[in-house]
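Participant: Questions regarding the structure given below will be posed in turn.
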Amino acid sequence: MYSWKTVLVTIGLLFTLKIWNPYFVENISWSWFDYLHSTHSVQEYNPESGLPEIVLVDIDEKSVEQYGQLPFPRKIYADKMLESHWSNTYVFTQVFSEPDRFGGDEEFATALVNRLSILSSAPTIQTDKGSSPFVGTSTLGSGDAKNAVWGTPGVLSPIPILEGNTYGVGVTTATPSQSGTPNFDGTIRSAPLLMQANGQIYPSLAVEVLRAYNDEKSYQMKVTEEVGVEWVRVGRQKPISTTPQGDLMISYWNKFKRYSFTDELPENSILVFGVTAEGLNNPVSTPMGTMYPHEVQANLIQTALTGIQIKQSYFLEFVEVVLLLAVLVIVLVMVYKLPTALSGSFSLILVGLQVGGSFYIWSSSLVLFDTFFSSMASLIVFGHASFNKYYVTFQEKQQIKKQFQKYLSPDMIEELQKDPSKLRLGGDRKEMSFMFMDIIGFTPISEAYKNRDDPEGLVELINKFLDLQTKIILNNGGTIDKYMGDCIMSFWNAPLECKNHAEMAVKSALEVLEATKGLNNDLKPLNLPPINVGIGISTGDCIVGNMGSELRFDYSVIGDAVNLGARLEGQTRNYDGVDVLLSEDTYRQCNKGAFREVDRINVKGKSEKVRIYTPITGTDF
Numbered sequence: 378m379y380s381w382k383t384v385l386v387t388i389g390l391l392f393t394l395k396i397w398n399p400y401f402v403e404n405i406s407w408s409w410f411d412y413l414h415s416t417h418s419v420q421e422y423n424p425e426s427g428l429p430e431i432v433l434v435d436i437d438e439k440s441v442e443q444y445g446q447l448p449f450p451r452k453i454y455a456d457k458m459l460e461s462h463w464s465n466t467y468v469f470t471q472v473f474s475e476p477d478r479f480g481g482d483e484e485f486a487t488a489l490v491n492r493l494s495i496l497s498s499a500p501t502i503q504t505d506k507g508s509s510p511f512v513g514t515s516t517l518g519s520g521d522a523k524n525a526v527w528g529t530p531g532v533l534s535p536i537p538i539l540e541g542n543t544y545g546v547g548v549t550t551a552t553p554s555q556s557g558t559p560n561f562d563g564t565i566r567s568a569p570l571l572m573q574a575n576g577q578i579y580p581s582l583a584v585e586v587l588r589a590y591n592d593e594k595s596y597q598m599k600v601t602e603e604v605g606v607e608w609v610r611v612g613r614q615k616p617i618s619t620t621p622q623g624d625l626m627i628s629y630w631n632k633f634k635r636y637s638f639t640d641e642l643p644e645n646s647i648l649v650f651g652v653t654a655e656g657l658n659n660p661v662s663t664p665m666g667t668m669y670p671h672e673v674q675a676n677l678i679q680t681a682l683t684g685i686q687i688k689q690s691y692f693l694e695f696v697e698v699v700l701l702l703a704v705l706v707i708v709l710v711m712v713y714k715l716p717t718a719l720s721g722s723f724s725l726i727l728v729g730l731q732v733g734g735s736f737y738i739w740s741s742s743l744v745l746f747d748t749f750f751s752s753m754a755s756l757i758v759f760g761h762a763s764f765n766k767y768y769v770t771f772q773e774k775q776q777i778k779k780q781f782q783k784y785l786s787p788d789m790i791e792e793l794q795k796d797p798s799k800l801r802l803g804g805d806r807k808e809m810s811f812m813f814m815d816i817i818g819f820t821p822i823s824e825a826y827k828n829r830d831d832p833e834g835l836v837e838l839i840n841k842f843l844d845l846q847t848k849i850i851l852n853n854g855g856t857i858d859k860y861m862g863d864c865i866m867s868f869w870n871a872p873l874e875c876k877n878h879a880e881m882a883v884k885s886a887l888e889v890l891e892a893t894k895g896l897n898n899d900l901k902p903l904n905l906p907p908i909n910v911g912i913g914i915s916t917g918d919c920i921v922g923n924m925g926s927e928l929r930f931d932y933s934v935i936g937d938a939v940n941l942g943a944r945l946e947g948q949t950r951n952y953d954g955v956d957v958l959l960s961e962d963t964y965r966q967c968n969k970g971a972f973r974e975v976d977r978i979n980v981k982g983k984s985e986k987v988r989i990y991t992p993i994t995g996t997d998f
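To convert a position in the sequence shown, counted from 1, into this note's numbering, add 377.
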């Protein structure tokens with residue numbers, strides 16, 4: 378059977394997924410972070426910052442049209458550098474790993490020497506590739522940098538003549554996710570500031586640009602065994618916080634000026650060269666849409682240069698897990714304790730608070746705090762728990778209907794379905810009134826039908842009689858306990874409360890007598906003997922509830938008052954003209970009607986005789 382255990386399993390599964398953090402769960406978080414990233418306002422260059430402006434130089438279709446097919450002769454790069462202002466920093470994202478087929482390498486090398494220039498290298502699977510880096514790296518802390526940072530088998534470097542005449546060479550890798558592990562969505566969100574190959578630490582292109590800007594000869598990095606890489610620093614610049622693998626989250630909200638390679642280039646700028654000509658370079662995916670690789674590098678350089686970076690807190694990652702568990706438990710309790718509409722409203726408010734909190738933390742401090750997964754998980758749990766609640770409630774209603782439809786009126790069943798708590802399973806001690814009703818002189822009636830050879834007619838008569846009396850009992854708020862041949866046992870004040878249960882029992886008895894008179898009028902034309910009934914009514918404490926075994930049970934009552942009611946019904950045969958007998962307790966609880974005392978009789982289990990009464994015919998209830 379469907380139960381609340383299934384909801385707990387769902388909560389456990391969601392909690393496990395958050396801790397385990399498989400690719401698809403990680404991607405949910407990163408998709409949320411990408412959305413947060415996209416909400417950041419675009420930042421244009423501020424001349425008052427004191428930092429150089431980063432400019433994109435596109436080798437576009439116009440450039441190809443003017444200078445010919447790529448790769449360009451390196452003399453063209455040399456001429457472009459030398460005709461531009463000496464104050465610029467020239468950053469080339471292409472890897473010049475092979476000699477120029479036009480013989481322009483010496484001219485290009487001369488230009489590199491006469492201008493502040495940074496060339497690019499690239500990771501490769503070829504282990505024999507890679508020269509020693511220009512500068513050294515000093516490591517602080519107890520950790521081993523070579524084991525901490527992202528590694529590659531080799532590095533594809535510029536040819537020696539170019540490498541030996543440029544200010545620096547940096548690796549241009551940008552990872553689709555942290556630690557160099559490709560994410561299935563292929564989005565570039567970070568890049569390593571340092572990496573290792575062949576036992577050497579290599580700087581990224583961004584770090585080399587920072588070194589050039591600060592005119593430094595080395596780098597510093599802090600590596601601990603507990604965390605990994607904590608930060609990277611170039612000269613006097615503020616340390617750049619990284620992931621444990623040395624990755625830097627890239628801020629993509631920077632707006633750069635763009636120039637064609639054919640244009641006259643600006644002064645006092647960091648010029649980042651890259652290919653944008655159609656069909657010659659492929660854009661890559663970023664949180665802000667598709668960009669060209671040199672545009673990604675420009676954003677990485679800007680992030681490292683300004684120190685305005687996106688941060689992830691390991692403490693907040695722990696908070697995310699705690700928040701997830703707390704939210705799911707709160708949603709479960711709300712669904713269980715509150716009406717569906719109210720719990721749904723509170724669940725939506727809870728989702729709004731989570732999303733709003735994530736927005737606030739992002740907008741105020743650029744810290745990534747994932748509440749999207751917990752928000753989505755809370756809606757899943759709400760939906761599951763609500764369905765479970767509906768299902769369990771539906772089952773309860775069906776059980777109530779199945780159990781009581783033969784014994785209670787439809788209105789009473791509906792009331793029980795609305796509030797099943799009124800029907801407490803097990804035994805309950807309470808004061809109730811009981812009515813036993815039986816046909817007196819049933820033998821003559823059965824003989825009459827036997828003589829007519831009409832057993833079906835007898836059954837029809839009995840059913841008509843029982844149906845008539847049952848409707849009266851149900852209409853007066855009574856419960857049919859059982860049918861015993863031509864006898865009916867009924868009671869009041871259970872499972873629903875009935876304050877005037879004694880009066881309603883007596884009222885039902887009088888209506889039964891009146892209905893029986895109408896039935897007898899129908900029997901006269903058939904020359905059938907009339908039906909006479911004997912009714913016994915008692916009031917007293919008893920035990921009421923579901924009784925039986927776990928496999929089969931019935932809603933019933935036990936107690937002295939039940940036995941007394943049955944005996945009183947039998948006593949009606951001893952008094953002429955008396956069809957209804959009441960116990961003294963029933964009589965005392967009737968504030969309406971007129972009664973007379975009939976007798977005082979001995980009752981089993983009682984040392985003194987008890988008074989019995991009968992209602993006066995025609996009395997008003």
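Glycine included, every Cβ here is placed at the ideal spot set by N, Cα and C.
With a CB to CB cut of under 7 Å and the five nearest residues on each side skipped, what residues in its chain are close to residue 511?
Facilitator: One-based indexing of the sequence shown puts residue 511 at position 134. Taken in chain order, the residues that qualify are 545 and 546.
Participant: Kindly indicate the opening and closing residues of the beta strand (DSSP E) around residue 580.
Facilitator: As a first step, residue 580 is located in the sequence shown; it is residue number 203 there, counting from the start. Residues 577-580.
Participant: Can you pull the DSSP bridge partners for residue 972?
Facilitator: As a position in the sequence shown, residue 972 is number 595, starting the count at 1. Partner(s): 992.
Participant: Label residue 397 either buried or exposed according to how many other C-beta atoms from any shown protein chain fall within 10 Å of its C-beta, with 16 as the threshold for buried.
Facilitator: As a first step, residue 397 is located in the sequence shown; it is residue number 20 there, counting from the start. It is exposed - the Cβ of residue 397 has fewer than 16 other Cβ atoms within 10 Å.
Participant: Answer with buried or exposed for residue 678, where buried requires no fewer than 16 other C-beta atoms within 10 angstroms of its C-beta.
Facilitator: One-based indexing of the sequence shown puts residue 678 at position 301. When all chains shown are included, residue 678 counts as buried.
Participant: Per DSSP, what are the beta-bridge partners of residue 1000 in this structure?
Facilitator: Residue 1000 lies beyond the stretch modelled for the chain, which goes from 378 to 998, so this question has no answer here.
Participant: Cα-Cα, which of 481, 882 and 441 is closest to residue 451?
Facilitator: Residue numbering aside, residue 451 sits at position 74 when the sequence shown is read from its first letter. The candidate whose alpha carbon is nearest that of residue 451 is 481.
Participant: Rounded to whole angstroms, what is the Cα-Cα separation between residue 880 and residue 389?
Facilitator: Your numbering for residue 880 matches position 503 in the sequence shown. Your numbering for residue 389 matches position 12 in the sequence shown. When rounded, the distance between both Cα atoms is 55 Å.
Participant: Where are the beta strand (DSSP E) runs, 3 residues long or more, that stay fully inside the segment 881-934, in chain order?
Facilitator: As far as the segment 881-934 is concerned, its whole beta strand (DSSP E) runs of at least 3 residues are 909-925.
Participant: Going by DSSP, name the residue or residues bridged to residue 868.
Facilitator: Counting from 1 along the sequence shown, the entry for residue 868 is found at position 491. Its beta-bridge partners are 811 and 856.
Participant: Along the chain, where does the beta strand (DSSP E) containing residue 649 start, and where does it finish?
Facilitator: Translated into positions along the sequence shown, residue 649 becomes position 272. It spans 646-652 - the beta strand (DSSP E) in which residue 649 sits, taken as one unbroken run.
Participant: Would you tell me roughly how many angstroms separate the C-alpha atoms of residue 457 and residue 593, rounded to the nearest one?
Facilitator: Locating residue 457 in the sequence shown gives position 80, where the first residue counts as 1. Locating residue 593 in the sequence shown gives position 216, where the first residue counts as 1. Their backbone Cα atoms lie some 26 Å apart in a straight line.
Participant: Distance, Cα to Cα, residue 958 vs residue 834?
Facilitator: As a first step, residue 958 is located in the sequence shown; it is residue number 581 there, counting from the start. As a first step, residue 834 is located in the sequence shown; it is residue number 457 there, counting from the start. Approximately 31 Å, taken between the alpha carbons.
Participant: Does the distance from the C-beta atom of residue 623 to that of residue 587 stay below 9 Å?
Facilitator: For the purposes of this step, residue 623 is taken as the residue at position 246 of the sequence shown. For the purposes of this step, residue 587 is taken as the residue at position 210 of the sequence shown. Cβ atoms of residue 623 and residue 587: not closer than 9 Å.
Participant: Between the C-alpha atoms of residue 415 and residue 631, what's the straight-line distance to the nearest angstrom?
Facilitator: As a first step, residue 415 must be located in the sequence shown, where it is residue number 38. As a first step, residue 631 must be located in the sequence shown, where it is residue number 254. Those two C-alpha atoms are separated by around 12 Å.
Participant: Is it the case that the Cβ atoms of residue 508 and residue 534 are separated by a distance below 9 Å?
Facilitator: Against the sequence shown, residue 508 aligns to sequence position 131. Against the sequence shown, residue 534 aligns to sequence position 157. Closer than 9 Å, so yes.
Participant: How would you label residue 492, buried or exposed, when you count the other beta carbons within 10 angstroms and need 16 or more for buried?
Facilitator: For the purposes of this step, residue 492 is taken as residue 115 along the sequence shown, with counting starting at 1. By the 10 Å Cβ count, residue 492 comes out buried.
Participant: Note the first and the last residue of the continuous alpha helix (DSSP H) segment covering residue 706.
Facilitator: As a working mapping, residue 706 is identified with position 329 in the sequence shown. Where residue 706 is concerned, the enclosing alpha helix (DSSP H) stretches over 691-714.
Participant: Label residue 733 either buried or exposed according to how many other C-beta atoms from any shown protein chain fall within 10 Å of its C-beta, with 16 as the threshold for buried.
Facilitator: On the sequence shown, residue 733 is found 356 positions in, with the first residue counted as 1. By the neighbour-count rule (16 or more Cβ atoms within 10 Å), residue 733 is not buried but exposed.
Participant: DSSP beta-bridge partners for residue 499?
Facilitator: Position 122 of the sequence shown holds residue 499. Partner(s): 533.
Participant: In or out: residue 954 buried (at least 16 other Cβ within 10 Å) or exposed?
Facilitator: For this step, residue 954 is matched to residue 577 along the sequence shown. Exposed: under 16 other Cβ atoms inside 10 Å.
Participant: Identify which residue in 805, 589 and 524 has its Cα closest to the Cα of residue 604.
Facilitator: On the sequence shown, position 227 is the one that residue 604 refers to. Closest by alpha carbon: 524.
Participant: Exposed or buried, what is residue 441 when buried is set at 16 or more other beta-carbons lying within 10 Å of its beta-carbon?
Facilitator: By 1-based counting over the sequence shown, the position of residue 441 is 64. Buried is the call here.
Participant: Taking the alpha carbon of residue 410 as the reference point, which residue from 564, 436 and 514 has its own alpha carbon closest?
Facilitator: Here residue 410 corresponds to residue number 33 of the sequence shown, with the count starting at 1. Minimum Cα distance to residue 410 is reached at 564.
Participant: Judging by CA-CA distance, which residue of 874, 845 and 576 is the nearest neighbour of residue 864?
Facilitator: For this step, residue 864 is matched to residue 487 along the sequence shown. Nearest C-alpha to residue 864: 845.
Participant: With 16 other CB atoms within 10 Å as the buried threshold, where does residue 401 fall?
Facilitator: Translated into positions along the sequence shown, residue 401 becomes position 24. The residue in question, residue 401, is exposed, as its Cβ has fewer than 16 Cβ neighbours within 10 Å.
Participant: How many angstroms separate the CA atom of residue 687 from the CA atom of residue 672?
Facilitator: Taking the sequence shown and counting its residues from 1, one reaches residue 687 at position 310. Taking the sequence shown and counting its residues from 1, one reaches residue 672 at position 295. Rounded to whole angstroms, residue 687 to residue 672 spans 18 Å at the Cα level.
Participant: Contact defined as beta carbons within less than 8 Å: I believe residue 499 pairs with residue 549. What is the distance between those atoms, to the nearest angstrom?
Facilitator: Taking the sequence shown and counting its residues from 1, the one referred to as residue 499 is at position 122. Taking the sequence shown and counting its residues from 1, the one referred to as residue 549 is at position 172. Residue 499 to residue 549, Cβ: 6 Å. Contact.
Participant: As an exercise, report each continuous beta strand (DSSP E) stretch of at least 3 residues that is fully enclosed by the segment 613-648, in chain order.
Facilitator: Listed in chain order, the complete beta strand (DSSP E) runs (minimum 3 residues) inside the segment 613-648 are 624-626 and 634-637.
Participant: Evaluate contact between the segment 740-752 and the segment 424-431, counting only Cβ atoms and requiring at least three cross-stretch pairs below 8 Å.
Facilitator: Contact between the segment 740-752 and the segment 424-431 is absent, because fewer than three Cβ pairs lie under 8 Å.
Participant: Within 10 Å of its beta-carbon, does residue 861 have 16 or more other beta-carbons around it, so buried, or fewer, so exposed?
Facilitator: If you number the sequence shown from 1, residue 861 lands on position 484. Exposed.
Participant: Are the segment 752-767 and the segment 711-728 touching, with three or more C-beta to C-beta distances below 8 Å?
Facilitator: Contact between the segment 752-767 and the segment 711-728 is present, because at least three Cβ pairs lie under 8 Å.
Participant: On the criterion of 16 or more Cβ atoms from any shown chain inside 10 Å, does residue 447 qualify as buried, or is it exposed?
Facilitator: For the purposes of this step, residue 447 is taken as residue 70 along the sequence shown, with counting starting at 1. Exposed: under 16 other Cβ atoms inside 10 Å.
Participant: Identify, in the order they occur along the chain, each residue of the same chain with its Cβ nearer than 6 Å to the Cβ of residue 485, setting aside the five sequence neighbours on each side.
Facilitator: By one-based count along the sequence shown, residue 485 stands at place 108. Excluding sequence neighbours, residue 485 sits near 451, 454 and 455.
Participant: Please classify residue 364: does DSSP put it in a helix, a strand, or coil?
Facilitator: With the chain represented from 378 up to 998, any question about residue 364 goes unanswered, as that position is not in the structure.
Participant: For residue 805, which residues in the same chain have their Cβ closer than 8 Å to its Cβ, ignoring the five residues on either side in sequence?
Facilitator: Taking the sequence shown and counting its residues from 1, the one referred to as residue 805 is at position 428. Correct list, in chain order: 871, 920, 921 and 922.
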